[in-house]
């Protein structure tokens, strides 16, 4: 069970500045007692983000403690990687008040001698969610041999394009249809939301697929459909290794392609043109084929920056170009993607019977 | 300049058991003063391996010290990862005798409190070659914009199939033709041989391509042709992430495909059939194309386990199937591959002029 979080977002809460905090608030508001940011004290998450309802923004740790959180969640990354002194003070005080600490920082809070000592003294747990399990191994394709569940991986034309959000919307849609579905988080936000997972981009390179394999095996224990959160893109010059490792470790039965119609080149890499959708889909199917032939069965577009008419146009055009069910699962009904997954699973289950 | 190595291979020296030691002996015998293995004392490397000439095998550190090494090279990995006490004693004594320590172990020798203390006391350097540089970043395709040298990457149908050996044979062939060529090592053996490099499989997943990018930029500073040592395979279920990251970080102008004709399934993964060579070549070209269109221009076969006639048959058949220059660059003349690279470089240089 997830703890009740007080989210630390001091001087950083906002629609564009606190991505991790916002993901947790959007998908598991019931786990959030308050957001700590003195600059927005007295407002609600809804006021600041446009979602999140009545979750209050509090000015100090003390005010937050009155709402009885179990853990402090550090969902923002400091500029330059070093924790500001004000944050250090808040974290230390939170530990003294017996809050666990959940952190998505690259620098592990539990490795800090002061925090480690305080945590021991006050018997609280520091959970650095980006810290890989110590006993990861090299992947050996076990998913293909041992998993009966239908495994779906979200892939994308770029990083930071909505793969996690799409997966979560799809999960909710499948749940509403009565499916036993698990979401396997591969990044910090996904892990905060689900309470478990592995940040695959933080593992040693040899173990990317091994981490993805373990995640998939674990998720499949109590689910008929496993939705794995994708990372990066197979055409991203920096992150492609993580993406390919995820594909080959999870060995999905099908992929859902995520893209942003308004984006034509890779984030921060204007020299790198994103290929047309049918080409990109073909490439994904080809690279997976030697290990597990599996199709892209649906497209999830992120149209947040387009007017409604342009968004609907982009969806219709993509559906036409690819011949695949297409939607924006956040803005519109996720049913086209949800139905495609549901049908694939029913077909697999019928064959197995 | 590389140090003069005393190679620690205690109770492990042999053709199949000391891969790293053997690579160093094969390619830089001039850097090796002796091998320490009491079980073969009195023999030569040639006696034990079938190559390496008169390099003596010595029974103790003391006998080795008489040959005036600069460094102890730990080229074998202990079973289970823990250093046997006998090795610890040898390493400690070597440091006391002012030898540097070069290690390819997964567990870093320099992180061991006893060895670290001794190294400080005796002012020697412990060089853990698998330890990644601390300041790696995410790759951004700089090779494509900043490198004039011709970049060649060896790729392969599987891991442990001769990609490093092929690259080194090709390097020697290019040197003989007068080319200014650099070998960029990406694994421990390659790093020992060249004295520099980055073990890309040991970096954090986010930085695989970044490590490959830095290696390529560094190698290109003093070379017209850069040969990058490949790792893994794009169809390997465990290591593909590293392979793809290498491809997208090095952005080669061309690739050399390495394969072992007698191997039909992936090492330790009998469920995974290796596709026919033309398919595999096509897949490599397709996945690189969105970032840098580049062909496979030659094939290097590893035929060590075939009789001569079967080896020549395999080479002729592969050349026929692929339409590419093909050879076993260890067993036969590497010229077909060397010439293909040389011609590509001349063509690029002519365009640049």
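Residue numbers (the numbering used here), protein chains in the order written: chain A, 1 to 353; chain B, 354 to 706.
Note that beta-carbon positions come from the ideal geometry of N, C-alpha and C, so glycine has one too.
Between the region 243 to 260 of chain A and the region 298 to 318 of chain A, do three or more beta carbon pairs fall short of 8 Å?
-> yes
Contact under 8 Å by Cβ, residue 327 of chain B with residue 561 of chain B | Residue 327 of chain B lies beyond the stretch modelled for chain B, which goes from 354 to 706, so this question has no answer here.
Continuous alpha helix (DSSP H) assignments of at least 4 residues falling wholly in the region 459 to 500 of chain B = 466 to 475, 495 to 499
Do residue 122 of chain A and residue 145 of chain A have their CB atoms nearer than 8 Å?
-> The residue labelled residue 122 of chain A in the question sits at position 122 within the first chain. The residue labelled residue 145 of chain A in the question sits at position 145 within the first chain. No, the pair does not count as a contact, with Cβ atoms beyond the cut-off.
On a CA-only basis, which of B/529, B/453, B/402, B/675 is nearest residue 356 of chain B? Give me that one, please.
-> Start at 1 with the first residue of the second chain, and residue 356 of chain B comes out as number 3. Closest by alpha carbon: B/453.
Applying a beta-carbon distance threshold of less than 9 Å, which residues of chain A neighbour residue 640 of chain B?
-> Counting from one through the second chain, the residue named residue 640 of chain B turns up at place 287. Those within 9 Å of residue 640 of chain B in chain A are 234, 235, 240, 244, 283, 286, 287.
Cross-chain neighbours of residue 501 of chain B in chain A, by beta carbon under 9 Å = To locate residue 501 of chain B, count along the second chain from 1; it is residue 148. In chain order: nothing, as chain A lies at least about 17 Å away.
Contacts around residue 174 of chain A, its chain only, beta-carbon distance under 7 Å, and the 5 residues preceding and following it disregarded = Numbered from 1 along the first chain, position 174 holds the residue referred to as residue 174 of chain A. Close CB contacts of residue 174 of chain A within its chain, under the 7 Å cut and outside five residues either way in sequence, are with 181, 225, 338, 341, 342 (chain order).
By how many angstroms is the C-alpha of residue 601 of chain B removed from the C-alpha of residue 215 of chain A?
-> Position 215 of the first chain, counted from the start, is the residue given in the question as residue 215 of chain A. Position 248 of the second chain, counted from the start, is the residue given in the question as residue 601 of chain B. Those two C-alpha atoms are separated by around 26 Å.
Residues bridged to residue 423 of chain B [DSSP beta-bridge criterion] = Taking the second chain and counting its residues from 1, one reaches residue 423 of chain B at position 70. According to DSSP, residue 423 of chain B bridges with nothing at all.
Confirm the yes/no value for this check: CB of residue 204 of chain A, any heavy atom of the ligand HEM, distance under 7 Å.
-> This structure simply doesn't include the ligand HEM, nor any ligand for that matter.
Distance between beta carbons of residue 159 of chain A and residue 236 of chain A, contact taken as under 8 Å | Sequence index remark: in the first chain, residue 236 of chain A carries index 236 (1-based). Sequence index remark: in the first chain, residue 159 of chain A carries index 159 (1-based). At roughly 6 Å, the Cβ-Cβ gap stays under 8 Å, so residue 236 of chain A and residue 159 of chain A are in contact.
Any idea which residues DSSP pairs residue 159 of chain A with across the strands?
-> Looking up residue 159 of chain A in the first chain gives position 159. Note: residue 159 of chain A sits in no beta bridge, so no partner.
Could you spell out the range, first to last residue, of the alpha helix (DSSP H) harbouring residue 192 of chain A?
-> Counted from its first residue, the first chain places residue 192 of chain A at position 192. Element bounds for residue 192 of chain A: 188 to 194.
In chain order, what residues of the same chain lie with their CB nearer than 8 Å to the CB of residue 443 of chain B, ignoring the 5 residues before and after it?
-> The residue given as residue 443 of chain B occupies position 90 in the second chain. Same-chain partners within the cutoff: 361, 363, 389, 414, 425.
First and last residue of the uninterrupted alpha helix (DSSP H) at residue 278 of chain A = For the purposes of this step, residue 278 of chain A is taken as residue 278 along the first chain, with counting starting at 1. 277 to 288 is the extent of the alpha helix (DSSP H) around residue 278 of chain A.
In terms of alpha-carbon separation, which member of B/618, B/523, B/521, B/495 lies closest to residue 564 of chain B?
-> For the purposes of this step, residue 564 of chain B is taken as residue 211 along the second chain, with counting starting at 1. Just measuring C-alpha positions, the residue of B/618, B/523, B/521, B/495 sitting nearest residue 564 of chain B is B/495.
Could you name the residues of the same chain whose beta carbon sits closer than 7 Å to that of residue 197 of chain A, not counting the 5 residues immediately before and after it, in chain order?
-> Against the first chain, residue 197 of chain A aligns to sequence position 197. Hits under 7 Å: 184, 185, 186, 190, 191, 215.
Give the range of the alpha helix (DSSP H) segment to which residue 651 of chain B is assigned.
-> Translated into positions along the second chain, residue 651 of chain B becomes position 298. Unbroken run through residue 651 of chain B is the beta strand (DSSP E), 649 to 654; no alpha helix (DSSP H).
How is the alpha helix (DSSP H) around residue 217 of chain A delimited, first residue to last?
-> Walking along the first chain from the start, residue 217 of chain A turns up at place 217. Secondary structure note for residue 217 of chain A: its alpha helix (DSSP H) is the uninterrupted segment 208 to 220.
For a contact meaning CB atoms closer than 8 Å, what does residue 514 of chain B contact in chain A?
-> On the second chain, residue 514 of chain B is found 161 positions in, with the first residue counted as 1. What residue 514 of chain B touches in chain A: nothing, since even the nearest Cβ is about 16 Å away.
Who pairs with residue 269 of chain A in a beta bridge, going by DSSP?
-> To locate residue 269 of chain A, count along the first chain from 1; it is residue 269. Paired residue(s): A/266.
What is the C-beta distance between residue 613 of chain B and residue 676 of chain B, in whole angstroms, given that I count them as a contact (C-beta under 8 Å)?
-> Translated into positions along the second chain, residue 613 of chain B becomes position 260. Translated into positions along the second chain, residue 676 of chain B becomes position 323. Rounded, the Cβ-Cβ distance is 20 Å, inconsistent with contact.
Residue 669 of chain B vs residue 678 of chain B beta-carbon contact at 8 Å = The residue you call residue 669 of chain B lines up with position 316 of the second chain. The residue you call residue 678 of chain B lines up with position 325 of the second chain. Not in contact: residue 669 of chain B and residue 678 of chain B (Cβ atoms no closer than 8 Å).
Is DSSP giving residue 392 of chain B helix, strand or coil here?
-> Position 39 of the second chain holds residue 392 of chain B. Here DSSP, grouped into helix, strand and coil, assigns residue 392 of chain B to helix.
Proximal chain B residues relative to residue 208 of chain A, where beta-carbon distance stays under 7 Å = Within the first chain, residue 208 of chain A is the residue found at index 208, counting from 1. The answer, in chain order, is 558, 594.
How is residue 200 of chain A classed by DSSP in three states: helix, strand or coil?
-> As a working mapping, residue 200 of chain A is identified with position 200 in the first chain. It is helical.
Residue 99 of chain A - DSSP class collapsed to helix/strand/coil = Counting from one through the first chain, the residue named residue 99 of chain A turns up at place 99. Here residue 99 of chain A sits in coil by DSSP.
Name the chain B residues that come within less than 8 Å of residue 215 of chain A, Cβ to Cβ?
-> In the first chain, the residue the question calls residue 215 of chain A occupies position 215. Simply none; closest approach about 14 Å.
4-residue-minimum alpha helix (DSSP H) runs that sit fully inside the region 654 to 702 of chain B, ordered along the chain | 661 to 675
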